[in-house]
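The structure under discussion appears below in the form of structure tokens.
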Amino acid sequence: MRVPRPNRAQLGAGALVLAALSVGRVVTEWLPEDPSPVRAFERTTTLDREVHLRYGNLRVTEVDGGKQLATSTSAMLSPGLWVTAHVDFTPTVDKVGPAYAELRDGEGRVLTRGSRNVLECKVINPGISGHCLVAFEVDPTALAGSHLALTVNVNDQRGDDMAVVDLGITPAQVATWKARTTPVELLMPKDAT
Amino acid sequence: MAPVGMDGGTDSLRATGRWGRARQWLATLTVRQWLLAAFLLVLVGSSPFGGLRAQRAEATPTLSVGVEQTVAPVRLTVTKVRFGSDLGVPQAAKIDGRYVVVFAKVTGTDEKRSVPMYDALRDLLRIEQVPGVTKPFSTDPEPSSDDLRPDTILVADDAERMGDLAPGLTYTLAFVWRQAPGQPVPTSVRVAAYSHTFRQASIDDTYDWRDATRAAVGTFPATAYEKPAAS
Numbered sequence: 052m053r054v055p056r057p058n059r060a061q062l063g064a065g066a067l068v069l070a071a072l073s074v075g076r077v078v079t080e081w082l083p084e085d086p087s088p089v090r091a092f093e094r095t096t097t098l099d100r101e102v103h104l105r106y107g108n109l110r111v112t113e114v115d116g117g118k119q120l121a122t123s124t125s126a127m128l129s130p131g132l133w134v135t136a137h138v139d140f141t142p143t144v145d146k147v148g149p150a151y152a153e154l155r156d157g158e159g160r161v162l163t164r165g166s167r168n169v170l171e172c173k174v175i176n177p178g179i180s181g182h183c184l185v186a187f188e189v190d191p192t193a194l195a196g197s198h199l200a201l202t203v204n205v206n207d208q209r210g211d212d213m214a215v216v217d218l219g220i221t222p223a224q225v226a227t228w229k230a231r232t233t234p235v236e237l238l239m240p241k242d243a244t
Numbered sequence: 003m004a005p006v007g008m009d010g011g012t013d014s015l016r017a018t019g020r021w022g023r024a025r026q027w028l029a030t031l032t033v034r035q036w037l038l039a040a041f042l043l044v045l046v047g048s049s050p051f052g053g054l055r056a057q058r059a060e061a062t063p064t065l066s067v068g069v070e071q072t073v074a075p076v077r078l079t080v081t082k083v084r085f086g087s088d089l090g091v092p093q094a095a096k097i098d099g100r101y102v103v104v105f106a107k108v109t110g111t112d113e114k115r116s117v118p119m120y121d122a123l124r125d126l127l128r129i130e131q132v133p134g135v136t137k138p139f140s141t142d143p144e145p146s147s148d149d150l151r152p153d154t155i156l157v158a159d160d161a162e163r164m165g166d167l168a169p170g171l172t173y174t175l176a177f178v179w180r181q182a183p184g185q186p187v188p189t190s191v192r193v194a195a196y197s198h199t200f201r202q203a204s205i206d207d208t209y210d211w212r213d214a215t216r217a218a219v220g221t222f223p224a225t226a227y228e229k230p231a232a233s
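Same order as they appear, the protein sequences are chains B and E.
Here the first sequence stands for residues 52 to 244, numbered as in the working numbering.
Here the second sequence stands for residues 3 to 233, numbered as in the working numbering.
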């Protein structure tokens with residue numbers, strides 16, 4: 052069998068396919084490299100200042116730290132430091148509460164919650180104030196300047212509001228927490244509903 | 003076409019004649035014969051470099067006590083291997099069988115984010131050729147321990163379960179497997195460390211540490227677990 056010679060139309064079609072692939076490659080290279088081009092809508096705030104989100108209002112009321120953490124179920128010792136936060140949250144739409152938390156340290160590294168860090172919420176019906184406890188283990192050298200990010204969807208944070216809270220941690224605070232010998236107690240307030 | 007080798011024919015005519023006959027012969031070849039010829043050409047051309055045989059795998063780096071190895075996305079130092087039926091903590095209390103525990107210091111090498119437990123860390127270590135090891139949450143002995151995840155991973159400092167590995171921190175971890183009752187005591191344990199690659203999934207846009215690759219291996223003496231003295 053002889054291989055037939057391609058005619059002009061076939062050659063033209065081949066050239067168009069190659070050109071389309073080249074254009075696709077150029078477009079791909081121009082797209083952002085971040086794993087999630089569709090990101091959350093970040094609503095920034097600071098310690099003790101309420102932020103209004105699509106699904107509720109959130110305020111970080113208290114930040115603390117130390118090498119040891121005591122919760123209602125466990126006592127944990129960190130090779131770095133534990134940083135804890137108390138969060139007031141009032142749902143406005145549905146009975147939802149923060150289910151996803153990440154800590155962005157002072158060097159911009161993202162600490163995911165995993166199963167050792169703490170995010171525990173008591174959330175009631177819309178309009179009724181609830182409370183959350185948060186704790187992350189952090190490298191002390193990068194703790195100053197950390198931000199806490201919270202949102203309601205644990206599996207997918209894209210395309211919805213996310214609170215990003217500047218915890219206001221200073222190097223002096225970090226030094227105090229490193230010298231601390233007592234555990235940081237992280238317990239639900241007695242009046243939390 | 004002038005016949006080749008005719009008396010009085012020029013060299014060029016002779017060459018044209020040979021080329022012409024070669025072209026005629028080549029035109030009679032089928033596609034299958036062309037592909038076969040190309041394959042033979044590749045085979046002959048590659049033979050000085052070892053042919054098409056599979057390349058021999060590079061020697062796997064050795065794990066040994068107290069020696070740090072980088073196994074992406076962590077730096078890892080195996081410190082000891084212990085066995086016992088009671089590790090003295092609620093997460094590894096007394097059992098009928100036996101725990102086999104690999105202790106290692108682990109530091110994340112990812113400069114941007116935590117190393118997640120539920121892909122890279124859980125699949126970091128395996129114990130090989132240890133008889134009667136069970137799968138997590140199972141009590142039945144498996145025929146081979148080589149591919150079995152640890153039953154649990156504990157932080158040695160507080161005996162709590164490990165989570166995601168925060169950047170910049172070094173943990174001493176206890177990778178805990180279980181042996182079913184009646185299995186022989188392992189006097190030495192071969193430990194394999196697996197590296198991972200951070201890449202996007204083939205079918206969606208999620209990124210994770212994937213493609214576990216056996217990157218380092220070493221055999222360690224296993225001794226009975228000694229409970230820390232009460233302070």
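Each residue gets a CB set at the ideal place from its N, CA and C atoms; glycine is no exception.
Within its chain, find whatever has a CB closer than 7 Å to the CB of residue i; leave out the 5 residues flanking it on each side and keep chain order.
| i | result |
| --- | --- |
| Ala-122 of chain E | Pro-75, His-198, Trp-211 |
| Val-89 of chain B | Arg-209, Gly-210 |
| Glu-158 of chain B | Ala-193 |
What's the C-alpha gap between residue i and residue j?
| i | j | result |
| --- | --- | --- |
| Val-74 of chain B | Gln-61 of chain B | 20 Å |
| Ile-179 of chain B | Val-144 of chain B | 11 Å |
| Pro-183 of chain E | Val-219 of chain E | 27 Å |
| Gly-165 of chain B | Leu-42 of chain E | 55 Å |
| Gly-94 of chain E | Thr-79 of chain E | For clarity, residue 94 of chain E is Ala in the given sequence; the question names Gly instead. Distance between the alpha carbons of Ala-94 of chain E and Thr-79 of chain E is about 22 Å. |
| Phe-222 of chain E | Pro-145 of chain E | 21 Å |
| Pro-234 of chain B | Thr-62 of chain E | 44 Å |
| Thr-225 of chain E | Ala-195 of chain B | 43 Å |
| Pro-169 of chain E | Arg-115 of chain E | 6 Å |
| Leu-128 of chain B | Thr-97 of chain B | 28 Å |
| Pro-188 of chain E | Leu-38 of chain E | 54 Å |
| Val-132 of chain E | Phe-85 of chain E | 12 Å |
| Arg-180 of chain E | Ala-226 of chain B | 42 Å |
| Gly-181 of chain B | Leu-167 of chain E | 30 Å |
| Lys-1 of chain E | Leu-89 of chain E | Because chain E in this structure spans residues 3 to 233, residue 1 of chain E falls outside the shown range and cannot be described. |
| Pro-186 of chain E | Thr-163 of chain B | 40 Å |
| Val-138 of chain B | Ile-220 of chain B | 16 Å |
| Pro-143 of chain E | Thr-208 of chain E | 35 Å |
| Met-239 of chain B | Val-103 of chain E | 36 Å |
| Gln-1 of chain E | Ala-29 of chain E | This structure cannot speak to residue 1 of chain E, because chain E is shown only from 3 to 233. |
| Pro-138 of chain E | Pro-152 of chain E | 7 Å |
Using the rule of at least 16 other Cβ atoms within 10 Å of the residue's Cβ for burial, across every protein chain shown, is residue i buried or exposed?
| i | result |
| --- | --- |
| Val-191 of chain E | buried |
| His-198 of chain B | buried |
| Phe-140 of chain B | buried |
| Ala-176 of chain E | buried |
| Ala-168 of chain B | What sits at residue 168 of chain B in the sequence shown is Asn, not Ala. Buried, by the Cβ-count rule. |
| Gln-26 of chain E | exposed |
| Tyr-120 of chain E | exposed |
| Val-135 of chain E | buried |
| Val-205 of chain B | exposed |
| Thr-95 of chain B | exposed |
| His-103 of chain B | exposed |
| Leu-109 of chain B | buried |
| Arg-100 of chain E | buried |
| Asp-242 of chain B | exposed |
| Leu-153 of chain B | A small fix is needed here, since residue 153 of chain B is Glu in this sequence, not Leu. So Glu-153 of chain B ends up on the buried side. |
| Gln-2 of chain E | Given that chain E is displayed from residue 3 to residue 233, the structure contains no residue 2 of chain E and the question cannot be resolved. |
| Thr-202 of chain B | buried |
Kindly give me the distance between the Cβ atoms of residue i and residue j, rounded to whole angstroms, as I take these residues to be in contact under 8 Å.
| i | j | result |
| --- | --- | --- |
| Ala-136 of chain B | Val-174 of chain B | Wrong, their Cβ atoms sit about 16 Å apart, outside the cutoff. |
| Pro-191 of chain B | Gly-131 of chain B | 5 Å |
| Trp-228 of chain B | Glu-188 of chain B | Not really, about 12 Å apart at Cβ, beyond 8 Å. |
| Val-1 of chain E | Ala-161 of chain E | Past the boundaries of the shown model lies residue 1 of chain E; chain E is included only from 3 to 233, so the question cannot be answered. |
| Leu-120 of chain B | Leu-237 of chain B | 6 Å |
| Leu-65 of chain E | Val-193 of chain E | 6 Å |
Return the chain-ordered list of same chain residues with a C-beta closer than 8 Å to the C-beta of residue i, the five sequence neighbours on each side being excluded.
| i | result |
| --- | --- |
| Thr-81 of chain E | Val-67, Gly-68, Phe-105, Ala-106, Lys-107, Thr-174 |
| Asn-176 of chain B | Pro-142, Lys-146 |
| Leu-126 of chain E | Val-73, Val-76, Leu-78, Val-108, Phe-177, Ala-195, Tyr-196 |
| Met-164 of chain E | Met-119, Leu-123, Ile-155, Leu-156, Val-157, Tyr-173, Leu-175 |
| Asp-149 of chain E | Arg-128 |
| Val-161 of chain B | Glu-153, Leu-154, Arg-155 |
| Ser-123 of chain B | Leu-238, Met-239 |
So, for residue i: in the same chain, excluding its five sequence neighbours on each side, which residues have a beta-carbon less than 6 Å away from its beta-carbon?
| i | result |
| --- | --- |
| Arg-105 of chain B | Asp-212 |
| Asp-213 of chain E | Thr-199 |
| Pro-259 of chain E | No answer is possible for residue 259 of chain E: it lies beyond the span of chain E, which begins at 3 and ends at 233. |
Does the Cβ of residue i lie closer than 6 Å to at least one heavy atom of the ligand FAD?
| i | result |
| --- | --- |
| Thr-95 of chain B | Absence of the ligand FAD is noted for the structure shown, with no ligands found whatsoever. |
- Could you please tell me which residues of the stretch 185-204 of chain B, in chain order, have their CB closer than 8 Å to any CB of chain E? Phe-187, Glu-188, Val-189, Asp-190, Thr-192, Ala-193
- For the stretch 116-131 of chain B, enumerate the residues whose C-beta is nearer than 8 Å to any C-beta of chain E, in chain order. Ser-125, Ala-126, Met-127, Leu-128, Ser-129, Pro-130, Gly-131
- Message: Residues of the stretch 151-176 of chain B in Cβ contact with chain E at a cutoff of 9 Å, in chain order, please.
- Response: If you check each beta-carbon in the stretch 151-176 of chain B against every beta-carbon of chain E, the ones closer than 9 Å belong to Glu-153, Leu-154, Asp-156, Glu-158, Gly-159, Arg-160, Val-161, Leu-162, Thr-163, Arg-164, Gly-165, Ser-166, Arg-167, Asn-168.
- Query: Closer than 7 Å, Cβ to any Cβ of chain B: which residues of the stretch 158-171 of chain E, in chain order?
  - Reply: Taking 7 Å as the Cβ-Cβ cut-off against chain B, the residues of the stretch 158-171 of chain E that qualify are Asp-159, Asp-160, Glu-162, Arg-163, Met-164, Gly-165, Asp-166, Ala-168, Pro-169, Gly-170, Leu-171.
- Report the residues of the stretch 132-158 of chain E with a CB closer than 8 Å to any CB of chain B, ordered along the chain. Val-157
- Using Cβ-Cβ distances below 9 Å, what residues of the stretch 104-115 of chain E are close to chain B? Asp-112, Glu-113, Lys-114, Arg-115
- Please list the residues of the stretch 116-128 of chain E that have a C-beta atom closer than 7 Å to any C-beta atom in chain B, keeping them in chain order. Answer in chain order: Ser-116, Pro-118, Met-119.
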